[in-house]
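K.L.:
Residue numbers (my numbering), protein chains in the order written: chain V, 9 to 447; chain A, 30 to 443; chain F, 101 to 358; chain W, 563 to 880.
Ideal Cβ placement from N, Cα and C applies to all residues, glycine included.
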């Protein structure tokens with residue numbers, strides 16, 4: 009990750025261990041996961057996560073690295089997915105010799121093809137013009153998906169069967185676990201390629217154009233062309249994600265093109281943090297868990313997701329990754345330990361306060377909407393009566409008290425953090441990275 | 030910090046999913062329908078009706094298989110096909126063998142397709158699909174599977190009933206068909222044209238059009254066209270906000286004839302139409318509640334309203350799903366071998382709580398039952414909807430509707 | 101000292117005009133700047149100096165006349181195309197990439213000239229050529245110690261130095277600096293002037309500057325722009341002595357300066 | 563001809579409704595540079611507040627009070643939310659309003675439930691004012707037209723004839739200069755945001771009974787409002803009016819037309835396929851104008867952005 013050229017005389021090895029380590033760890037982690045979570049449902053959720061990660065990383069090529077805010081990026085994933093579905097069905101109908109694992113390439117190519125067309129007129133400017141064109145194009149293609157039934161299959165969408173293709177080394181991809189490894193392969197490959205893309209000349213210039221398009225033009229680069237290349241590359245990887253979606257779910261519907269999905273990916277990417285390469289990965293994991301797991305626990309999950317999102321934008325514009333990276337200097341200086349006590353003092357009450365608030369909301373909701381006579385509810389594994397005063401008072405006290413205590417200790421926590429990122433020796437001008445790439 | 034707590038929380042939840050599979054004494058039915066988002070009202074209503082039906086009609090009557098209880102487990106699919114498939118997998122992992130879903134034929138197709146694949150690939154833990162509301166005819170025709178059972182009358186049967194009633198009205202001269210631009214809206218339009226041509230070739234179809242689904246803000250121009258066409262009656266398959274918007278615009282523009290609908294009532298729609306919709310809005314449905322078929326039915330509704338004051342018996346067929354499934358499990362003697370349960374359901378005859386018989390046609394797994402045309406009114410209503418004075422009064426009934434309707438289903442049996 | 105005979109001048113303006121709406125800002129400027137010359141354009145506020153710069157670098161389209169770089173007409177070219185022909189500029193208001201590190205700032209400005217263009221198959225970190233080039237420039241502008249800091253946190257003088265570094269990094273042979281010492285203290289100004297002198301050896305330098313000390317210290321030739329016209333052009337001593345200039349502009353400033 | 567007149571009136575009503583939303587949004591956008599994604603959510607809040615008030619105090623009280631509450635809520639959100647995010651730049655600001663829109667929808671569902679509310683027009687206006695042919699024009703529609711025009715005139719007066727208006731006008735074109743002149747620009751921002759959202763609230767109050775009061779009402783109208791101000795051009799009240807009416811009439815006449823795309827295909831010399839179900843182009847053959855009516859504004863927006871990025875009447879580019 010570090011660009012410093014350590015020793016100009018020595019020849020740099022092709023891949024240094026330091027550079028490769030995070031990738032090797034991630035790969036190992038991904039390979040082991042199915043042995044820890046063996047249930048089909050958790051594997052399905054992990055598949056969903058992996059697909060979302062690719063899509064979010066592709067999206068961040070625009071938003072984080074290129075400074076282009078898109079409200080219609082789902083169409084590139086969707087169109088790639090639909091094409092894959094049609095190819096899959098052709099493979100079945102005409103017995104084409106196409107092994108399933110290669111299918112996402114076609115998704116990528118078609119996603120890129122569409123991005124080439126749209127990018128030709130939308131990347132002239134970044135900012136609002138680009139955002140509004142993306143919104144318009146997104147809406148148009150989403151509308152087409154319902155009108156042009158022959159291609160998009162209308163409301164039922166286009167189903168297919170991944171198992172009818174050629175067996176791939178004897179694997180017919182019958183089970184989610186087989187698909188998991190296929191997706192993981194593509195996840196690692198795509199993430200690696202996207203990471204490397206950000207290290208290429210055009211990838212670096214994408215950052216420059218994001219920060220100051222005019223200056224970039226006076227360095228010999230056409231801002232438009234740099235944006236265009238980022239945009240098509242992003243379209244490619246979005247299409248790969250679409251192809252994987254086709255393989256995993258074996259169906260594509262109009263929802264894959266909808267503005268809702270486009271909005272979601274913006275939310276995911278920003279939640280994770282646009283300023284860091286790994287930000288969208290965190291965002292995708294957290295959001296998928298919230299969506300599939302929290303929604304099993306409470307009907308109000310979207311309320312919590314909305315609140316989390318707004319709070320993130322307000323207090324941590326660097327996203328979750330930004331929060332993590334705020335502590336990178338502390339780790340480097342070996343001062344993490346000094347943070348434990350002040351953090352506990354603030355965060356434990358804060359968590360209690362938040363859980364108390366959530367509990368209060370849940371009790372209110374249950375009290376209003378549950379069936380008559382059905383007054384028992386389970387909250388955080390505790391059974392209680394939603395119509396009696398006690399639980400309401402308790403949660404309110406927890407909420408108010410917790411947040412009050414947290415607020416009292418918050419300055420102390422901030423102070424501790426500042427101390428932890430400051431070396432003991434003379435202080436050089438340092439800047440918390442959280443606000444860095446936000447603009 | 031924040032992240033760690035989130036991770037901790039979510040891992041705990043993730044483990045929660047798989048752990049709950051361990052204690053499975055009850056026979057569970059997975060309810061996969063929207064419980065959040067814009068369509069949550071319909072999902073929540075269906076869930077309440079399932080909970081009540083299971084409790085009243087099965088568990089309080091001694092359960093199934095000599096004392097086992099049924100249990101409904103809800104899964105929020107957010108009205109998304111992708112989420113439905115994830116939740117389906119979660120349900121299957123929890124050892125659930127019966128899947129109930131109804132909102133959106135698109136999602137029903139996705140689930141039916143996924144279940145078909147799952148059962149083929151995993152012969153050891155197959156599941157059945159209890160479709161209680163999705164009415165796309167294809168599900169019991171071209172796309173039929175052995176694992177899918179439909180308890181509602183399908184769109185074609187409903188249209189057959191609707192046009193029977195319309196055909197009987199000698200004064201009818203012009204009909205206007207309008208619907209949402211998606212598969213169901215198109216199916217309704219096609220069926221209406223076909224049936225009217227067959228039954229009343231003299232009736233002129235003065236308009237047949239589609240509008241984008243959920244995108245029209247103002248329905249007035251459509252209403253103007255309908256008035257201008259001189260139509261005597263309107264047919265629409267619209268649901269949700271599109272139904273309300275269209276209905277109010279048509280009535281507001283001065284239309285006085287009947288508006289035949291599939292989904293023009295309950296979950297706020299009846300209350301919103303209120304006085305304006307009186308004697309105009311008509312609904313084709315199974316299981317009418319005004320007048321109730323029997324004292325037993327009346328008591329059931331009263332008890333339901335006492336427990337769920339905010340909800341209504343808007344999908345009466347849910348009691349049929351529950352009772353017939355319980356009967357089939359008892360007859361099969363097992364709740365694990367779903368093939369046996371499915372075979373027991375095939376051809377089953379059942380006396381519905383709402384009067385009349387239900388026959389689960391074995392050729393296509395389409396429930397054949399009495400279908401009514403009801404009218405939105407506040408007169409003679411014993412059980413109103415939406416806690417308003419208005420409800421649906423049964424005007425006419427076709428018994429065992431669609432009994433001999435054709436099907437293109439070529440059922441693949443295991 | 102000035103342009104070599106036979107070959108076209110580095111930059112040539114002929115009858116250049118620019119109007120915004122009805123107001124004419126540049127009213128027929130003729131100027132030829134020879135290769136290797138250090139040319140300063142001075143003039144009172146509002147004379148059109150920055151507009152002239154923006155016209156030459158393609159930021160604004162001109163309303164009439166010609167601009168030729170090494171004899172090639174620049175009409176209708178985009179800034180990036182002009183840059184590729186060997187003309188580079190800095191800005192009056194600091195114009196760097198604040199979120200990127202100092203190292204990145206310089207490396208980005210080297211990319212095009214090192215021939216990487218729109219490549220997405222080369223890793224920038226693997227190019228010794230680039231890294232060495234960047235390090236050399238960092239050394240020249242004295243920012244090696246600051247290389248890994250975000251450019252936005254540098255001091256003002258450091259940012260100005262970085263801006264000059266970015267401007268010269270691409271190896272352009274015509275360098276245009278827009279008020280490189282604006283807003284600087286005396287010591288900072290001296291430092292920047294030295295820096296400019298160093299990094300523009302063998303190049304054509306065109307600059308707009310208010311600080312007369314800087315102008316007379318650096319420039320071989322001076323043009324005076326008043327109300328969109330060049331009223332005098334020549335060696336510093338001649339310009340200083342020109343009564344028109346004295347009258348229009350220099351008088352007060354020179355008296356204050358000495 | 564009758565139908566044409568009626569459509570003209572219906573389109574006017576819808577267009578003016580859009581104008582009430584876009585007027586506030588264009589002010590906010592031009593001053594603060596924020597594409598307020600939550601603007602339509604304030605419209606929804608207006609409808610719900612008015613519904614709640616009308617159940618106790620009647621429609622007219624709701625019409626007066628609900629927009630005030632919405633405006634205060636808007637100003638509060640600007641003061642305690644948006645202003646905080648402002649320091650991070652425009653993209654986070656936009657994303658903040660995006661999240662806000664989601665959050666408001668959830669909060670509305672939490673308090674008012676998920677189904678449609680029976681919010682109705684006041685009884686005093688529940689009659690047909692006049693008829694054109696068979697088509698009755700409801701008195702309420704005429705009332706909507708008058709309210710919108712009154713608001714437009716009031717805005718025009720405030721912006722062009724008052725001191726506050728001068729400052730706002732100046733801030734539209736030269737935000738930095740106005741700040742330099744010593745005006746409390748944050749205060750002006752808060753005020754404009756409050757007034758803009760209150761305008762959206764008014765639109766909600768009077769449109770709720772006609773277009774329906776349900777949790778999805780903001781989403782349905784949300785993006786079309788952006789389309790309106792982008793087409794109209796930033797900072798231009800007249801542009802917003804022009805674009806609103808254009809879109810109002812465009813969608814109305816598209817919905818009212820019975821134009822079929824088959825006619826174009828026939829004109830192009832193509833032959834109607836005998837077996838429609840097997841034709842690859844079957845969707846084109848059956849396509850009608852009403853099907854694509856609601857997406858026409860998006861096509862227009864993309865077209866305008868490509869050829870004239872500052873909109874129909876905008877003074878400066880986006």
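Nearest chain A C-beta to residue 569/W closer than 8 Å, yes or no?
P.N.:
yes
K.L.:
Here's the rule I'm using: 16 or more other beta-carbon atoms within 10 Å means buried, otherwise exposed. How should residue 286/F be labelled?
P.N.:
Answer is exposed; the Cβ neighbour count stays below 16.
K.L.:
Counting Cβ pairs closer than 8 Å, one from the segment 178–197 of chain V and one from the segment 117–130 of chain V, do we hit at least three?
P.N.:
The segment 178–197 of chain V, when compared against the segment 117–130 of chain V, does not touch it at the 8 Å Cβ threshold.
K.L.:
Can a CB atom of chain V be found closer than 8 Å to the CB of residue 871/W?
P.N.:
yes
K.L.:
Give me the Cα-Cα distance between residue 35/V and residue 200/V, rounded to the nearest whole angstrom.
P.N.:
Spanning the two alpha carbons is a distance of roughly 11 Å.
K.L.:
Using a beta-carbon distance below 8 Å, is residue 203/A in contact with chain W?
P.N.:
no
K.L.:
Would you kindly report the start and end of the unbroken beta strand (DSSP E) that includes residue 395/A?
P.N.:
Unbroken beta strand (DSSP E) run through residue 395/A: 395–406.
K.L.:
Give, in chain order, every unbroken run of the alpha helix (DSSP H) that is at least 4 residues long and sits entirely within the segment 217–305 of chain V.
P.N.:
221–225, 231–257, 267–280, 287–297
K.L.:
Under 8 Å, do residue 448/V and residue 347/V count as touching if we go by C-beta distance?
P.N.:
Past the boundaries of the shown model lies residue 448/V; chain V is included only from 9 to 447, so the question cannot be answered.
K.L.:
At 4 residues or longer, and completely inside the segment 275–310 of chain F: list those alpha helix (DSSP H) runs for me, N to C.
P.N.:
286–299
K.L.:
Counting only runs of 3+ residues fully inside the segment 147–196 of chain A, write out the beta strand (DSSP E) ranges in chain order.
P.N.:
157–160, 177–179
K.L.:
Under the assumption that residue 205/F contacts residue 266/F (Cβ atoms under 8 Å), give the Cβ distance between them as a whole number of angstroms.
P.N.:
The C-beta distance from residue 205/F to residue 266/F rounds to 6 Å, short enough to meet the 8 Å contact threshold.
K.L.:
Of the choices 387/A, 236/A, 80/A, 292/A, whose alpha-carbon is the least far from that of residue 188/A?
P.N.:
292/A
K.L.:
Just the chain V side, please: which residues come within less than 8 Å of residue 658/W by C-beta, in chain order?
P.N.:
318, 321, 322
K.L.:
How about residue 361/V and residue 411/V: do their beta carbons lie closer than 8 Å?
P.N.:
yes
K.L.:
Taking only three categories from DSSP, how would you classify residue 358/V?
P.N.:
helix
K.L.:
Kindly give me the distance between the Cβ atoms of residue 237/A and residue 206/A, rounded to whole angstroms, as I take these residues to be in contact under 8 Å.
P.N.:
4 Å
K.L.:
Quick one, which residues of the segment 74–101 of chain A are near chain V if we go by CB-CB under 9 Å, in chain order?
P.N.:
77, 80, 81
K.L.:
At the 8 Å Cβ level, is residue 344/F part of the contact set with chain V, yes or no?
P.N.:
no
K.L.:
In three-state DSSP terms, what is residue 455/V?
P.N.:
The displayed coordinates of chain V run from 9 to 447. Any statement about residue 455/V would go beyond what the structure contains.
K.L.:
Determine the burial state of residue 116/A: buried for a count of at least 16 other Cβ atoms within 10 Å of its Cβ, exposed for fewer.
P.N.:
buried
K.L.:
Please list, in chain order, the chain A residues whose beta carbon lies closer than 7 Å to that of residue 309/V.
P.N.:
Chain A residues near residue 309/V: 65.
K.L.:
Could you tell me the alpha carbon to alpha carbon distance between residue 578/W and residue 668/W, rounded to whole angstroms?
P.N.:
Looking at the two C-alpha atoms, the distance is approximately 28 Å.
K.L.:
Under DSSP, the alpha helix (DSSP H) around residue 154/F begins and ends at which residues?
P.N.:
149–156
K.L.:
Using DSSP's beta-bridge definition, name the partner residues of residue 97/A.
P.N.:
93/A
K.L.:
On the criterion of 16 or more Cβ atoms from any shown chain inside 10 Å, does residue 860/W qualify as buried, or is it exposed?
P.N.:
buried
K.L.:
Between the Cα of residue 215/V and the Cα atoms of 165/F, 161/F, 209/F, 146/F, which residue gives the shortest distance?
P.N.:
209/F
K.L.:
Quick one: list the residues of chain V neighbouring residue 200/F, beta-carbon separation under 8 Å, in chain order.
P.N.:
215, 216, 219
K.L.:
Mark residue 54/A as exposed unless 16 or more other C-beta atoms lie within 10 angstroms of its C-beta, in which case mark it buried.
P.N.:
exposed
K.L.:
Counting contacts by CB-CB distance shorter than 8 Å, is residue 857/W in contact with chain V?
P.N.:
yes
K.L.:
Could you please give the first and the last residue of the uninterrupted alpha helix (DSSP H) stretch that includes residue 334/A?
P.N.:
324–336 is the span of the alpha helix (DSSP H), which, as asked, contains residue 334/A.
K.L.:
Mind pulling the chain F residues with CB within less than 8 Å of residue 209/V?
P.N.:
211, 216, 217, 218, 219, 220, 222, 224
K.L.:
Going by other Cβ atoms of all chains shown within 10 Å of its Cβ, with 16 needed for buried, is residue 179/F buried or exposed?
P.N.:
buried
K.L.:
For residue 289/A, which three-state DSSP category applies?
P.N.:
Secondary structure at residue 289/A: strand, using DSSP grouped into helix, strand and coil.
K.L.:
Tell me the DSSP bridge mates of residue 385/V?
P.N.:
392/V
K.L.:
For the 8 Å Cβ check, are there 3 or more pairs between the segment 302–312 of chain F and the segment 119–139 of chain F?
P.N.:
By the Cβ test, the segment 302–312 of chain F is in contact with the segment 119–139 of chain F, since at least three Cβ pairs between them sit closer than 8 Å.
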